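> Questions regarding the structure given below will be posed in turn.
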Amino acid sequence: MVVLSEFSEGSSSSSSTHGHRYDVFLSFRGLDTRNSFTAYLHKALVDANITTFLDDEEIETGEDLKPELASAIKASRASVIVLSKNYASSSWCLDELVLILKQRVKSNQIVIPVFYHVEPTHVRKQQSSFGDAMAKHRRMMEAETDENKRSQWDQKIDRWNKALKEVADLKGKDVTGRLEMEFIEEIVQDIYHRLRLPLNSPLPLLIGMEDSITFVTSWLKDASSHTTDILTILGMGGIGKTSLSKYVYGLHCREFEKSSFIGNISRRCDEKFSGLLELQKQLVDDISKARSIKVHEVSIYTSKIENVVTRKKVFLVLDDVDSLHQLDSLLGSKGFHPGSKVIITTKDAWLTESCALFKTNVKPNHAKHFLQVLDETASRELLCFHAFMSYTPKANYEEVTGNFVKYCEGHPMALEVLGKSLHNRDVAYWEDWIKQLTKEPGSPIDNVLRMSFNSLPSTNDKDLFKHIACFFVGKDRDVTETILEACNINIRSGITNLVDRCLLSIGSNNELMMHQLLQNMGRFIVHQESPHKPWKRSRLWCHEESFKVLKQNKGTENVLGLVLDMRMLEKKKFHASFELKTDALSNMDNLMLLQLNYVQTTGPYENFSEELRWLCMHGFTLKSIPSDLPMDNLVALDMSYSNIESFGICYSNPQRLQKRQKLSTGFFLEDKRLPRSLKILNLSFCQQLHSLGGFDQLPALERLILIDCIGLLDVCESIEQCVELVHVDLSYCNKLENLPRIIGMLKKVKTLLIEGCNLSESRIHIKDIDSPEKNIVTFSPTIPEATPTYSKFFTISLPRSLLSLSLANNNLSTESFPMDFSSLSMLKELYLDDNPIVSLPYCVKSLPRLESLSMVNCNLLTSADHLPHTLTYLDLHSNSNKPLLQKVVFDPEMSPLELSVDWKMFATSSFEFEGLVKTQPMACIDEKLLHSLGWTKLDFLNERRVQTDVWFSGPKESEIQVYYEFGIFSTIYGGERDAELDYGEKQWAINIIYNPIIS
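One point on numbering: in UniProt numbering, the residue at position 376 of the sequence shown is 376, and numbering is uninterrupted.
Okay, structure coming up:
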């Protein structure tokens, strides 16, 4: 199955486009699940704007399936079959099952079996309750005295038996051992992907917010305005502003030329000096067809944003804004293209109309929407959904449920956190919780969050929560686990406990995510350790407080972690010439986590704590790492953006080694051991770094990150001794002379990123060599004069262990690749972005486990026709103004595939998705076929051409074309109206082209 996901009907499901009334038909046994699982699943589907049929009849009448049920099945694009304990006892359910499976064959209907507390084996072999039900049907058949009816019963039972066996053999979903809420979200997400709906993740669960959804949707669809419309969604923290805006954005973002959702703005700006620049870059990348070049001035990005939004109809969501500077930097002051929509979520009602956009001659139309707390009914439903997976309380829980609802005062986040914390707990536990809550002073939401924290089963989990809240929100989970495990934290079970209690979540990029209210609560708990004497606290995350503690030399052994970035203080007008005397750290004997970014230091480094596990010193000014720095327990060292020239001793060039040993004693010498415990080394953007060595003293190293070290010439061959190394990023180290040799020494590496490493002068061949460990790739020069002088050709040995490989931006052509990559048998992700590839290299097809292939901005690409059948994601986005892509061919045995592509990248003359759609000039079609379609006079084909106004590149002229979709022919021809098509009509055309699914 192929899912073409870039353009689809965002505002509503598109079942009607293909003659379907429904997206999903729900087949279920009402006795088992009508008021529980199926009800929640139905609501989740409807809330996600998936048109869903659910039969409201409680009692079966008659022996045969109701005509309306049969019609609904035939009018649906997919069916979800909830196979529960008593499913087979219903003849209607079994008849539905038979018809659904017929539609699967006849019309490629998608079928998703859900095994709801039943074993697939029992369904297949008609055992347990399924065996009992079928035996009962047989007894009814045998009791039938009418021969004709008895024969009909016999035929029915035979069809039912076959259907049960068939559905049990399909790939289904088993609820056993799963939280039903997460399980339902997974089903919704699967349906989105398989029905090519526009989301990559399910829509947020919104209970009790129907009026707000209606209001925002109505505002969004109002096209009466001839200027920009801005909606400000207001409300207290945790009230649902972000969830509401995500919901609406997910449904409607595809109705605009460009769209962007920028989340967590205030926190991202507060916690990182470059936070606003990163937000601007994200916005520019989302709404501009060209990938932006990174700049370092807010005003330059603002100008870029202004240039785009004045020319294109855009839909922007700016989530959690708390300053005018943020708004002005992200919206500019030149106005937007008519029809554009902007949603802003904030706690401050005055912000929006105070920004620069409202100081222009043509002011935007501004509306406000205040989110209120939930009413009692909605509050009960939300609490029960998370606690019981039901909209009503379980028996004996009614009174205590009412007490919790009353206590929470309609606050959605308090209700959600409570529901998850109380899930599967007995009534006595509930009653104890409400007694404790009502005794606590403070607001309900604060008390609920604090109670959820207090309910964590161990001190380990509480320490983990505080560490993450203070230092690691937004950080990679794997990196965080490595660091905190070294701090004697049991992190794997701890993270599970935090996630289960709604105190933490994991983002799509494996980053740790925490609601701001939860992060604030965690930091407040630490703050309360010593409200007025920060040096007595365990963790210092506030740059201002860290600065004062160090400047006043008040550090104590209480401090476990400290963060200071001088750039964050300069914004707040702190004195920029501060030099940290290292003796300010001498009393922090238990300090394990230390970040000193862009801090000038003086004094001996032996004053640093010997307990350090994580040391981050961006912008370090010395040319080497001090030899007296205690690093015996260090597991992560990040010296990015520093002036370091050398790290360790490199033995691959004896002359260079001797020269280095004559320099100052600041360099690591043979008598100074590197930290044998080090697992993560990050020296990215150290542009003075020329050599890297000492790997024989780093046996535990797992991650080596050297992005954009443009002066790096030599990496010591002792890297071969790093047997635990799994992640290597050498992107844009384009002067590294021994790159091929180094890569060949990596034995267990799973992720290898060598983007922008100047492989352009090479042609890749497979060298016929017997090697059990490596795939030998030979690079031979195609431009001799541009080839490095140290070699006429070279080989790269790619480890068989690779799971992810990036060769992006290396100017590699199709001919550069070998014929076979099959020995990379574990590879799952391959990135070939920004290369002048004309057609997909044949070797890619030989990758037996490849799941994700990215060829973004391969602007010369004309065809992709050797796709591995295991592929599940393909990205072909391009920023080219001269589209060349003509053909994409899919393997008949291919797994379900999501294809992310802009239709604008296809050649205007002709293009083809094999088995899906195709366009070609009408003049190329056989005349007999054209005559059969009613075209009798064809002389005009040589005279008339079509001009179409294409929004991404202006007017285009082409021949009259024929358009095929599943064998249906249409003709595209010119006329006065073509150049005047509005965006809605163009969007309709796009949807027709990209909606089909092939199974």
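Glycine is no exception: its CB is placed at the ideal position from the N, C-alpha and C atoms. From a predicted model like this one, the values you see are computed outputs, not experimental measurements.
1) My output table needs one value for P848: the three-state DSSP class, helix, strand or coil.
2) So within the stretch 95-127, which uninterrupted alpha helix (DSSP H) runs reach at least 4 residues, ignoring any that extend past its ends?
3) Return helix, strand or coil for L277, following the three-state DSSP convention.
4) Work out the CA separation of K125 and D47 for me, nearest whole Å.
5) Express the C-alpha separation of F53 and A78 in angstroms, rounding to a whole number.
6) Which of helix, strand or coil does DSSP assign to T438?
7) When we look at the beta-carbon of D638 and count the other beta-carbons within 10 Å, is it buried (16 or more) or exposed?
8) So C757 and N734 are in contact, right, with Cβ under 8 Å, and what is the actual spacing, rounded?
9) By DSSP's criteria, I705 is part of a beta bridge. Which residues make up the other side?
10) When DSSP builds the beta bridges, which residues end up paired with D875?
11) Would you please state the rounded distance, in angstroms, between the beta carbons of L330 and L374? I believe it to be under 8 Å.
12) My assumption, with CB atoms under 8 Å, is that S854 sits in contact with D875. Please give the rounded CB distance.
13) Verify whether the separation of the beta carbon atoms of L899 and P868 is less than 8 Å.
14) Please classify Y192: is it buried, with 16 or more other beta-carbons within 10 angstroms of its beta-carbon, or exposed?
15) Are K162 and V118 touching if we call contact CB-CB under 8 Å?
16) For D56, does the three-state DSSP call read helix, strand or coil?
17) Return the first residue and the last residue of the beta strand (DSSP E) that N597 is part of.
18) How far does the alpha helix (DSSP H) with T377 in it extend, from its first residue to its last?
19) Here's a check: name, in chain order, each residue in its chain whose Cβ is nearer than 7 Å to the Cβ of I483, leaving out the five neighbours to either side.
20) Within its chain, find whatever has a CB closer than 6 Å to the CB of H423; leave out the 5 residues flanking it on each side and keep chain order.
21) Out of L94, S731 and S718, state which residue places its alpha-carbon closest to the alpha-carbon of T710.
22) Go through its chain and collect everything with a Cβ distance to L101's Cβ below 8 Å, but skip five positions before and after it.
23) When you compare only the Cα positions, how much space is there between S816 and L752?
24) Looking only at its chain, what residues have a beta carbon closer than 8 Å to the beta carbon of S128, apart from the 5 residues adjacent to it on each side?
25) Can you check DSSP and say which residues form a bridge with E927?
26) When you compare only the Cα positions, how much space is there between L812 and L759?
27) Out of I434, F28, D95 and A72, point me to the one whose CA is closest to I81's CA.
28) Under the DSSP definition of a beta bridge, which residues are partnered with R539?
29) Check this for me: beta carbons of L683 and I644, under 8 Å apart or not?
30) Look up C269 in the DSSP assignment and say whether it is helix, strand or coil.
31) Among I837, A88 and L871, whose alpha-carbon lies nearest the alpha-carbon of L860?
32) Roughly how many angstroms lie between the CA atoms of P955 and P883, to the nearest whole one?
33) Round the Cβ separation of K750 and H727 to the nearest angstrom and send it over; I've been treating them as touching at under 8 Å.
34) Taking the straight line between their C-alpha atoms, what separation do you get for L540 and V417?
35) Where DSSP assigns a beta bridge to T232, which residues make up the other side?
36) Output the boundary residues of the alpha helix (DSSP H) element that contains R492.
Taking the geometry as given:
1) In the three-state reduction of the DSSP assignment, P848 falls in the coil class, being assigned neither a helical nor a strand state.
2) At a cut-off of 4 residues, the continuous stretches assigned as alpha helix (DSSP H) that sit fully inside the stretch 95-127 are 120-125.
3) It is helical.
4) Each residue's Cα considered, the two are about 36 Å apart.
5) Roughly 10 Å between the two C-alpha positions.
6) Judged by DSSP in its simplified three-state form, T438 adopts helix.
7) The residue in question, D638, is buried, as its Cβ has 16 or more Cβ neighbours within 10 Å.
8) With 8 Å as the limit, C757 and N734 qualify as a contact, their Cβ atoms being about 6 Å apart.
9) Beta-bridge pairing links I705 to N682 and D729.
10) Per DSSP, S854 and S900.
11) Incorrect: roughly 31 Å between the Cβ atoms, too far for contact.
12) Indeed they touch by this definition, with Cβ atoms about 5 Å apart.
13) At a Cβ-Cβ threshold of 8 Å, L899 and P868 do not count as neighbours.
14) The residue in question, Y192, is buried, as its Cβ has 16 or more Cβ neighbours within 10 Å.
15) In this structure, K162 keeps its C-beta atom at 8 Å or more from the C-beta atom of V118.
16) The answer is coil: DSSP assigns D56 none of H, G, I, E or B.
17) Note, N597: beta strand (DSSP E), L593 to N597.
18) Here the alpha helix (DSSP H) through T377 covers E376 to F388.
19) Counting only residues of its own chain and dropping the five nearest sequence neighbours on each side, I483 has a CB closer than 7 Å to the CB of R613, W614, V635 and A636.
20) The residues are A387.
21) It should be pointed out that residue 710 corresponds to Ile in this sequence rather than to Thr. It is S731.
22) Same-chain partners within the cutoff: V111, A163, E166 and V167.
23) If you take the alpha carbons of S816 and L752, they lie about 19 Å apart.
24) Cβ within range, chain order: V118, E119 and H122.
25) Looking at the DSSP assignment, E927 forms no beta bridge with any residue, so it has no partner.
26) Rounded to the nearest angstrom, the gap between the Cα atoms of L812 and L759 is 7 Å.
27) Residue F28 is the option with its Cα nearest to I81.
28) Answer is G561, bridged to R539.
29) Between L683 and I644, the gap from beta carbon to beta carbon is short of 8 Å.
30) C269 carries a helical assignment under DSSP once its states are collapsed to helix, strand and coil.
31) Of the candidates I837, A88 and L871, I837 places its Cα closest to the Cα of L860.
32) Note on P955: pLDDT 49, under 50, position unreliable in the model; the coordinate value appears next. Roughly 14 Å between the two C-alpha positions.
33) A Cβ-Cβ distance of about 7 Å is found for the pair K750 and H727, placing them in contact under the 8 Å criterion.
34) Looking at the two C-alpha atoms, the distance is approximately 27 Å.
35) DSSP, once it has assigned bridges, lists I344 and K368 as partnering T232.
36) Annotation for R492: the continuous alpha helix (DSSP H) segment containing it runs I491 to D500.
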